[in-house]
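Following our numbering, the numbering of the sequence shown begins with 30 at its first residue and continues without gaps.
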Amino acid sequence: QYNLHLLMPESGLDDAPACFQCPTFSDTFSSISKLLADDSIRDESIEKVTQLLDQYQEMPELIDPFMAPLIEDIMKVFRNVSITKGSVLLYTICKVRGASSVAKKLPHSIQDFKYIMRQFQLNSEHLKQWQTRFSMLTWLSILVMLPFDLNTIIDDDSGDVCRRIFSICIGYLSDPAPTCVAAASVISRLLARKGTDSDHMRHFIEWAETALSSYSADNENQTLGALNAIIQVLKRTPRSSLLPYLDQIHDSFPQAICHSSSVTKRRLSLKCLQRIGMAYLPAEPSSWRYERGRRSLLHNLQSAGGECSTPLVPEVNVDHGVAPVSTRNEPSSDAVMSADVPLERIESIVDALLQGLTDSDTVVRASASKGIGRCTMRFGRDLADDVLSNIISLFEQNNVCSERNWHGGFLALAEFIRRGVLLPARLSSIVPLVTKGLIFEESVGTHFVGANVRDAACYVAWSLARAYTGSELSPFASELASSLLVAALFDREVNVRRAACAAYQENMGRHGLFFAGVDCITTADYFSIGNVSNSYCNVAITIGKLGYYTEAMISHLISVKICHWDVNIRHLACKSVASLCNLSSKQKVYDVAEVLLDQALSSHLPVRHGAVMTLAALLKEFDSSGGLPTELPSQLTSRIRNIVPNIEKARLYRGRGGELLRSAVCTLIESISVLCIPLQTKAIKRLHQSIVENVVHTSEQVQNNAVSCLKAFSHSYYHELDINDVSAFVSNFISELRSSFNVAVTRGCALVLGIFPIKVVNLHVAAIVSALVEASQPVQSADRLDALTRKFALTSLTSIACANSDCKLDELVGIPDTLMGSISSTLPDIGEYPVNSQMICLSSLLLGIQDYSSDNRGDIGSWVRMAAIEGLEKLTVHLYSERCTANNVFFSVVSVLLKQLVEKLDKVRLLAGASLSRILSLGLEIPLAIELGSIFCSSTQDFTSEVATFSLIVPLLNFPHYREDIFAGIVISAGCITKSTSKSALQALSTLLSHPFADKSDDQSGLAQSLASVAIKLLQKENGNVRVILPLFKTLGQMLTTTAMKTALPCETIDTFRCLVMEQCRVCRLITVRLASLDVLCACLYYNKLGDTLRNNNFLALVSMLSSKIPKIRSVCADRFYSNLLVLGEESGLSSEALDAALSALLSCPWGNTSKTVELSQALNIGSLVPDRKVKLPEAPAPGINTDQYGYQDLINDLNN
């Protein structure tokens, strides 16, 4: 609960912080008033009002200033328009603000009481709606409080009004909540009226006894209603009126309800028991309780040392009015209970509440904790101390439900603290429990629990700050500060971190006992600790620089977090420990390292994994910062040197989670290599063997860590090995890459060959480059096709090329002739520039960027293309720095990157755009360098946006230099299945054809012809390639219908398009390709006016598709043929009679029915579209097949034939 009056000034909502003003309710209220002003309010208006009010469920206090006029408007709807609609609105505002708050604002005159009783008496149709019943009962709950005899208000002969109301509410107690709660509220208020006849109370107790005694699964709603009613009656009725009936209520209460499987029943049963106990006990709280003092933060800040310097005001008891509270020095006057309290019944109630603290559901534990707190504050000191001892004993029970015990115990302790029941003498036993609870976590089966316990411990710490003075908390200030700060920084759950932060702020703000508390509060605030990574790696380091909490944070991380069950927390803890140790003393570093070395051989996986990771991070952090001494103690160095062999000797890689430990060991070896810890030759070879085993591991994470480790290891220790041993290592990797069929081996070898020192690479540069070139190509045997191997091979090739390794094309060994031909043909014209390793790498990258392979994982070729894009960028920058004079190289690189920039994948476009921006910033001498620079050198370009990217790049089709590559890329996007990408690409092409750059390039007619020529070349080049042909057909179908194309293309070009399309349909028999070809064939009809021969050929192509044996193709072709003829009309080249005949034939024929051969033959003769041509009719199904529809199985059989 937050004190909103501290956050929002009393001057009004206009002065509130911005977060509480959005949305401003004054504007919302105006909108609601307008909606409710209509005399015939519609259901849409009711729904709109409900949506507007629902926005304020998180901060319902914002509507308080407008509550009265809002309820007035709602009641007008209730009375004058519709009871049903008014009830829905009234329920909505009750849901947002609470029924009790709304009821106080409802009208409560005598006429209102008569009106509501008349509605209940009529028992009209609207009472069938539960919102109506709820609203009327809520209204009645305030009306029964009228200070008049209710029998005098209703002057008819229908009997006792109270009994009538009682009967109405008893009937509604069996309704599901919230109607049940509203009916219980009416009964309680009715029985709590002064002067109410005792017969009504006796009648209610008898009914409740009957309802509870008949408890069963069949009458669950009646039992819940009885419990709700008893709770409300016990809460509101004076104790003197209840005492005669308490024994009867308690004896009739079925104990089985406390153990029901229903959470609601268990919660209500405990609430009922606690109310019975409070009715047995005296109304005034015990005077021995500890003074709670003023809870005003302003008063605390004005008091010296946190003590109250002015007389205390009496404490308001929410249950039974105002009672004075004694000071803590006043002698106890009620150490024991009074004689009139039935101790046996109280003990049974307390026992049930204590059992409720260990319930399996949180809401039940919370209810039990409040109940036991309310009862204990009325006990004598001795009995209260016994209850407290029982609660403390919950923390000492070690069983499978200890999480429940701890959570329930903390909730009860917080209630004791808030109500002054826990005396300062007990703080010495409570604070250690809080510090343990802040790190509580236990394993239950396959998961861990404890977040609720830690949150409850923060609640207890928060309560301590509000309940006790600074002088009583000062002995525990250091312990609380460290524990709360550690929880606020390092807990896994964000709600626990924020709860601990709030508790720390509360303690610091009220008592100021925490060291550097203001700095910690400023650094670790609500938002900064919201992100767990930021909390571990930034906020913790900032606080660690203060010095006071560093030791506590390191100790907590070492003992709890580096062995945490969540691997992500372990990784963050490793980084944080390393950074914090950098702020500590040398001896602390040595002590931490010793502890980690001991834990590294633990039998528990999280412990040893976290220890190895932390040790690696510690060594790496101190090397990068220069904080580690140049010489470690000899004993510590020896243990670090032997830790990896000891792990392998103990066979700790085995079992579940071995990959994590392997990855951690590789990171540790990398840190050892970076520090250059002296190793003997035998130790170097053994560590090298461990790394090689991990390089070819099946886990990608292990492989990546192993490769990174081998890079550092080779640079640090290879010079100490014999040159023959090093050569053997490299030769083995080359051999495995070329011969292995294990993808894990080929991936690891491809990665490793690019990270060796340049001296090692030069020993086998030709063999390395040859193996990588061969492995990077997408055309290989089926057993060796692996996209990641190709990606890693390109990455390694780029590294070798940029390292200036010398290798000529004719020195490559073991490469097939076809691949050598591809490499040679892919190379741009470089003139006299030598074909060295850089040019070989360039050729491989240009081949790799054409990798569009796919499988069930999707476009896996994109991994290779992205690696090729990165490689081309690095190689271009390297060649430019080497003053390469072959400008065609740079032109080729820019061309292929522009193609990737207009393709369909966002991640590829983003990478291509970033690479082009960096390449063009070099100032290359390429065509259109100025135009390209103006596009890519702007820092505001977003290449993930299709609209923005295509609108920038597609206009470059005006220029012939990059036209083929850009067009080859844009057709992929224009014809893809992603609607947004396709729409953006087609829109960019349409805009280009409508508004070309006439002053700098071809005119509109010339551009259209040029694009048509490029499309023809692409169709011829990609013959049978479905990946390109399919989107190209879709794109051409759109382009050919544009005005620019229709006015520019000659007859020969359309003939060429049609012939190429029909050839593709012949080569590729996929239905999707043939359906896509219909777009182009139908678009060709728009050019029929160019000649009769062209017209006849166009019609023949479409009629041949109509004669297909596949029903779907015939049906789709007929639909499109018909729609295009209808649009073209006489422009199709047909006379009106022939056009009508053709349209009639296309529309009337059952194109999906192959059995009706006669009708199909007549239809295929549509208007003599193909004179003197014979068209083969679709074949009918084979005899004996009893079906009217040509099915997919028939299609498969035909294709097989």
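From the three backbone atoms N, C-alpha and C, an ideal C-beta is built for every residue, glycine too.
Inset, instruction - Could you tell me which of 780, 197 and 139 sits nearest to residue 829, measuring between CA atoms? - result: 780
Inset, instruction - In angstroms with no decimal places, state the Cα-to-Cα distance between residue 963 and residue 1043. - result: So the alpha carbons of these two residues sit roughly 26 Å apart.
Inset, instruction - Look at the alpha carbon of residue 348 and the alpha carbon of residue 459, and state the distance between them as a whole number of angstroms. - result: Low confidence applies here, because residue 348 scores a pLDDT of 40, under 50, leaving its location unreliable and the question unanswered by this model.
Legend entry - 7 Å Cβ shell around residue 976 - same chain, five flanking residues per side excluded: 1013
Inset, instruction - Could you give the DSSP three-state label for residue 238: helix, strand or coil? - result: In the structure shown, residue 238 sits in a helix (DSSP, three-state: H, G or I).
Inset, instruction - Using a threshold of 8 Å, state whether the C-beta atoms of residue 898 and residue 926 are closer than that. - result: yes
Legend entry - Contact set for residue 175: own chain, Cβ-Cβ below 8 Å, skip 5 residues either direction: 137, 139, 142 and 182
Legend entry - contact_flag[the stretch 678 to 686, the stretch 708 to 717] where n(CB pairs < 8 Å) is 3 or more: no
Legend entry - Distance between beta carbons of residue 766 and residue 804, contact taken as under 8 Å: 6 Å
Legend entry - beta strand (DSSP E) segment containing residue 907, residue limits: Residue 907 -> not in any beta strand (DSSP E); alpha helix (DSSP H) instead, spanning 890 to 910.
Legend entry - Cβ distance (whole Å) where residue 482 is taken to contact residue 540 below 8 Å: In fact, because the Cβ distance is near 25 Å, the residues do not count as touching under 8 Å.
Inset, instruction - Use the C-beta contact count for residue 342: other C-beta atoms within 10 angstroms, 16 or more gives buried, fewer gives exposed. - result: Caution is warranted here: a pLDDT of 34 is assigned to residue 342, below 50, making its placement in the model unreliable, and the coordinate value is therefore given only provisionally. By the Cβ neighbour-count rule, residue 342 is exposed, with fewer than 16 other Cβ atoms within 10 Å of its own.
Inset, instruction - Give the straight-line distance between the Cα atoms of residue 1081 and residue 871, rounded to the nearest whole angstrom. - result: Note on geometry: alpha-carbon atoms of residue 1081 and residue 871 lie some 39 Å from one another.
Inset, instruction - Buried or exposed for residue 984, please, with buried defined as at least 16 other CB atoms from any protein chain shown within 10 angstroms of its CB. - result: Result: buried.
Legend entry - Nearest candidate by alpha-carbon position, reference residue 557, set 749, 569 and 1117: 569
Legend entry - Through-space distance from residue 240 to residue 251, alpha-carbon basis: 7 Å
Inset, instruction - Indicate whether at least one CB of chain B lies closer than 8 Å to the CB of residue 195. - result: Here chain B cannot be found, since the structure has a single protein chain.
Legend entry - Residue from 1159, 1150 and 1163 with nearest C-alpha to residue 1180: 1150
Inset, instruction - Pick helix, strand or coil for residue 477, following the three-state DSSP scheme. - result: strand
Legend entry - Three CB pairs or more closer than 8 Å across the stretch 272 to 284 and the stretch 295 to 308: yes
Inset, instruction - Evaluate contact between the stretch 908 to 924 and the stretch 948 to 964, counting only Cβ atoms and requiring at least three cross-stretch pairs below 8 Å. - result: yes
Legend entry - Three-pair Cβ contact test at 8 Å for the stretch 263 to 272 versus the stretch 284 to 294: no
Legend entry - Helix, strand or coil at residue 472 [DSSP, three-state]: strand
Legend entry - Contact check, residue 905 vs residue 948, beta carbons under 8 Å: Taking 8 Å as the Cβ cut-off, residue 905 and residue 948 qualify as a contacting pair.
Legend entry - residue 105 versus residue 152 - alpha carbon distance: 21 Å
Inset, instruction - Can you give me the Cβ contacts of residue 463 inside the same chain, cut-off strictly under 6 Å, excluding the 5 residues immediately before and after it? - result: 486, 489 and 490
Inset, instruction - Can you grab the Cα-Cα spacing for the pair residue 1163 / residue 988, in whole Å? - result: 39 Å
Legend entry - residue 82 to residue 1155 span [Cα, whole Å]: 54 Å
Legend entry - Selection from 815, 61, 998 and 1078 that minimises the alpha carbon distance to residue 884: 815
Legend entry - Identity of the residues DSSP links to residue 884 by a beta bridge: 887
Legend entry - Of the residues 215, 156, 764 and 900, the one placed nearest residue 782, counting alpha carbons only: 764
Legend entry - C-alpha gap between residue 374 and residue 560, whole angstroms: 51 Å
Legend entry - Continuous beta strand (DSSP E) assignments of at least 3 residues falling wholly in the stretch 1021 to 1092: none
Legend entry - Residue burial classification, residue 1169 (beta-carbon count within 10 angstroms, cutoff 16): exposed
Inset, instruction - Compare the C-alpha of residue 222 against each of 253, 179 and 254 and name the closest. - result: Out of 253, 179 and 254, 179 has the C-alpha closest to the C-alpha of residue 222.
Legend entry - Under 8 Å between C-beta atoms of residue 167 and residue 123: The Cβ atoms of residue 167 and residue 123 lie closer than 8 Å to each other.
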